[in-house]
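Q: Questions regarding the structure given below will be posed in turn.
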Amino acid sequence: IYIIDFSGDLYGKKIVVFIEKFLREEENFPSVAELIETMNHDTLRAKGIVREKIAHSPELYNDLKKALASLRIE
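Going by this note's numbering, the first residue of the sequence shown is number 25, and it counts up by one from there.
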């Protein structure tokens, strides 16, 4: 899992993950540059998917945000 716009250490932490949509199968890349290019493309695509889902169901995502904020996951 790649967490967009996050930098930090989650090693040993529990996180909640919601899968919105499967983007692509796992791949092997011939170069780091091609991996980075694909990850950048995936990131743009994922952000678009989330924006669209939030636009169609803003109440659901607002309620989800509130519910997650109240969780104490350790």
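All residues carry an ideal CB built from backbone N, CA and C; glycine is no exception. Everything numeric in this text was worked out from a predicted model, so none of it was measured.
1) For residue 86, which three-state DSSP category applies?
2) Grouping DSSP H, G and I as helix and E and B as strand, with all else coil, what is residue 77?
3) According to DSSP, is residue 61 helix, strand or coil?
4) Given this structure, state the Cα-to-Cα distance separating residue 68 from residue 40, to the nearest angstrom.
5) Please report the straight-line C-alpha distance between residue 90 and residue 56, rounded to a whole angstrom.
6) In the structure shown, what three-state DSSP assignment does residue 33 receive?
A: The answer reads as follows:
1) helix
2) helix
3) helix
4) 22 Å
5) 38 Å
6) coil
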